[in-house]
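Counting along the sequence shown from 1, when you hit position 577 you're at 610 in my numbering, and nothing is skipped either side. Beta carbons: idealized from backbone N, C-alpha and C, even for Gly. Small disclaimer: the values here were computed from a predicted structure and weren't measured.
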Amino acid sequence: MSIFTGWRASLRIARRDAMRAKGRSALVVAMIAIPVLGVTALDVTYRSVTPTTAEQLTGEMGSADAVFSDQRMGPIEQMPDGDMYQQADESAPWDDTGPSIDVRTTFPKGSRAISIQSVPASITTGYGIANTDIYEFRTSDKLARGKIDLVRGAYPHGKGEVAATEPFLKSTGLHVGSTTTVRNSGQKYRITGVLELPDNLKAKALYADPGAVITPWKARAAHDKKVLPPNTGSKDWLVKGPEGAGVTWPHVMEANKSGVLVKSRQVVLDPPPDSEVPLAKKYPDTYSYSSGELSAALITVIAMAVLEIVLLAGPAFAVGARRSRRQLGLLGTCGGDRRHVRAVVLGGGLVLGGVGAVAGVAAGLGLTAAFRPMIEEWSGQRFGSLSLKPTELLVIAVIGLITGLLAAFAPAIVASRQSVLESLTGRRGIRRSSRVLPVVGACVLAIGCAAAIYGGTSGNKTLVAGGSVVAELGLLACIPVIVGFLGRLGRRLPLSPRMALRDAARNRGRTAPAVAAVMAAVAGSMAIATYMSSTLAEADYDYTPILTKGTVVFRSSDAKTVERLPLARAAVERNMAVTGGHADYGRAWAGSDCSVYYSEENGCGTLEMIKPTGKGHSCPLKGKGAKELAARLSSDEHKKLMRSPACLDEYINFTSFGTDENNIIVADAAMLTTYVKLDDPAAAEALAAGTPVLLNPAYAKNGEVTLKAFHKYNDRDKKNRKLHPGKARTTTDRLKVYVAPAKYAATPGIRLILPQRTAERLGLHTEPSGSVYAVSHPPTEAEDQRVSAAIEQAGGGIWVQSDHGPSSRDDTILLILTLFAGVVTLGAAAITTGLAKADAEADLNTLSAVGAPPRVRRSLSGFQCVVVALTGVVLGTLAGLVPAVALRLVDLRDALQQMRLEPMQSAYTPIVLPWATIGLLVVCIPLLAGVLAAAFTRSRLALARRAG
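Here is the structure:
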């Protein structure tokens, strides 16, 4: 008999068994299909969202053949892709201030072209006033297709129409049909349609036909000296070459002679040989590419994915083997041997693995297509096409199929070793767990952790990946012992949880793989989540605010706009979420005001706060001996020094209040509570008594600061020059100050608060400059636009400033990881519950016989799920910390190396746990698993055939 005949029979039996147990089969298929679905979706999304060279060119030049741009540097040489270019004569002088050439003279004969040029402008919005970029670009032309497309409405035509991107409309409160005014030229424009840039969906901009915006603006600026001329960008040209010829390399080289850079679709896709590229002869290695190999991280991910599927689906096949043990026993009575029993169980793996692989690939493709718009919005660009690589999809499906076989392998071996008598009577015999495996697992766990940590400290990421996998495998081997220990914890618990713990401990063969599956899924998710949380915390630490959190500052641009400050205060109070009052501030200077008389050298006075030298005053991370000190510092020691008052102003020195780099302002006690957040009556009393408040203790010596003023008056400053006709003089004053605690040294924009009367006593000039408000939240775009409009209506010249904190973060990836781990946890717990029900029929019958209430069956299933889910999640969280910590050690090593080269470079590399993710997985998911298991379990037993 042929081997295929035996396998055909086994596959037929496996298929019929799968059809009879549809629920279990669906569960196995789902456990195989879910990882295959995820890998398929990731593969298709990655291929689709990564544009090909042809798609990148379409995004840059639409349906044109090339982009021509004048570099204004004389004859040039360029690489075929246009990314690298330089002057043909490197010794020739470079003058980019001369007149630009007419780029159109360099086009190939028979070409057609359209231009694109941008200009920043101030426009009116639905809320007030905003700044944006306006592009003069004939968007209705066919050459623009692919670079910019119409979403709805119509393309702009003529001088009174514009089109906008969707993000622009959302941020300004405008819509199709609205009218906006370019305030610089006074011209009004109607929004005719909504456009989108396929390669940049988040762009905020307006589009108009050439000549619609810049020309009238220039005309008004020529007649009205108060209107500044437009600050236009360079003009690029999208060129369609001669029919059938395009723009070739000779065309490119000819344009280069006139100083025009050309990026040609034809040349980029089919570049000339290096012998024909003059610049390539000078830089021969520019076009050398090396073929990439599979990284250790990618291999690790694939190996862990296969292991996870095996751990998930293996117990499900064990369920099938247990439920079919009578059928397998009958196979033995009919002459079948162990080979045939293994073939039947493996046939189930082949059938369900094949179905799961095909279903996973199909579902991955379908979900990617269904969620394509959402993925495109999240990535900020349109797919060029839904890119499918048949070879990659086939490999993914084959891996799923093979994984199904591997998952059925262990249950097949166990089933084949059962005697026919045990199979027919349902007896399982006595099996002792291995005592060697846990010891080996503990050793492997220790070796893996040590290897990962050593890899982290030595900077070897391959060793980190390998050690993490080895550590997880070692922990897998320890799971049976851990599960056995759980049985001892239930002595004083109620009936259902006690039985669940003891059942898990007695049946480690089905509990351990399910716990391992949950652990594997949670470990991967927790490793990525921990690493991401840590890098986000590092970014938050490195962020330098320009203002104190929860405040808004506005200031006048010159002396003429000071009288408009009351109107600006009214605008802020009316349009922003102000909490409480405001604090007014001014600036102080010596001699003539440098903000006015800055054109001449030494044409104005100066005011400087002298910083003492020595310990506590000079930053040891700068100057002589800094590198030697940095070489001895740990990351925490360096962080402490960097945040010390002596070093803070060496790398944080924003002039947020319109002052010079000394950050001295004139204010009263309201500034302490509103902006500095210093609630100290002693500080307020000091200011009221004329004593300055110093926020950075490094500038104080014996409770005093030194102010050095150079009183130089400009001849053009006639008013002050008349009052101070003598020579320039220098004064040095030592002032008694109130020294604030060291933590206030980090206050953005302020180093010293000087009382008004003290400034006058020192002979300084002062002037009101602006105000500070405390707000309940950072101003929205609508609030900013309303305030800007109100200020401009009052005459303008006042700048409003706020700090929005670190760049907004997207927690989508963390959410996806949490959901993935949650789904796997629920699936593994469901599998274990199913296997427990298959094993525990006799125990449940006994419970019913001795009078246990029907709800015990439900609660027992629920607690069995909780045991598996909770144990797996806790172990997975611990296992996931190994690679995360090791990778952060790699980052720490790199940061320390950089810090020792540049001592003022931060080396702070925190390890932050994602507590929200951990809480969801440790608390919510196990409880949900238990509730679902209890809800879908029948309370009463079905009538069963008498055993034996």
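Burial state of G500, where buried means 16 or more other Cβ atoms lie within 10 Å: buried
Cα-Cα separation between E309 and P126, rounded to whole angstroms: 26 Å
Separation of A63 from K494, as counted between CA atoms: 34 Å
Collapsed DSSP secondary structure at P801 in the structure displayed: strand
Cut-off 7 Å between Cβ atoms - residues of its own chain near G649, not counting five sequence neighbours on either side: A679, A731
Backbone CA spacing between A550 and K422 [nearest angstrom]: 30 Å
Secondary structure, beta strand (DSSP E): runs of 3+ residues fully inside the region 572 to 660: 584 to 589, 611 to 622, 639 to 643
R45 - DSSP class collapsed to helix/strand/coil: helix
Same chain, Cβ closer than 7 Å to P311, five either side skipped, listed in chain order: E110
CB-CB length for I480 against V503, believed under 8 Å: 6 Å
Buried versus exposed call for R41 [16 or more other C-beta atoms within 10 Å across all chains shown]: exposed
Unbroken stretches of the beta strand (DSSP E), 3 residues or longer, contained in the region 159 to 234: 162 to 170, 182 to 186, 194 to 198, 212 to 215, 220 to 229
For V738, three-class secondary structure by DSSP: strand
Where the alpha helix (DSSP H) through R891 begins and ends: 888 to 934
Contact between the region 948 to 956 and the region 585 to 594 (3+ Cβ pairs under 8 Å): no
Assumed close pair L908, V548 - CB separation to whole angstroms, cut-off 8 Å: 7 Å
Three-way DSSP call (helix, strand, coil) for V699 in this model: strand
T692 in three-state terms, based on DSSP: coil
6 Å CB neighbourhood of F687 in its chain, flanking five on each side removed: I579, P781, G782
Alpha-carbon spacing of R767 relative to Q818, whole angstroms: 45 Å
DSSP-derived helix/strand/coil call for A560: helix
Rounded straight-line distance, which links the Cα of L44 to that of R524: 46 Å
Nearest residue (CA-CA) to S835, options R185, S804, I181, L70: S804
Cβ-Cβ separation, L506 to G437 (assumed contact under 8 Å), whole Å: Their Cβ separation, rounded to whole angstroms, is 21 Å, which puts G437 and L506 out of contact at 8 Å.
Whether F743 touches T581 by CB criterion (7 Å): no
Nearest to A154 (by Cα), restricted to the options H208, K237, E93, S148: K237
Simplified DSSP assignment, three categories, for P311: helix
Own chain residues within Cβ distance below 7 Å of P595, not counting five before or after: Looking at the sequence provided, one finds Val at residue 595 rather than Pro. Excluding positions up to five away in sequence, the list reads S589, E800, P801.
Residue burial classification, N164 (beta-carbon count within 10 angstroms, cutoff 16): exposed
Limits of the beta strand (DSSP E) - the one that L768 falls within: 762 to 769
Range of the contiguous beta strand (DSSP E) that encloses Q119: 118 to 120
Rounded straight-line distance, which links the Cα of L740 to that of N233: 52 Å
Cβ-based burial, H615 [other Cβ within 10 Å; buried from 16]: buried
Coil, strand or helix - T157 by DSSP: strand
Residues that H102 bridges to, as DSSP identifies them: With the sequence shown as reference, residue 102 is identified as Ser, and His is not the correct amino acid for it. In DSSP, S102 forms a bridge with D269, L294.
The beta strand (DSSP E) enclosing S821, as first and last residue numbers: Segment 814 to 826 is the alpha helix (DSSP H) holding S821; no beta strand (DSSP E) there.
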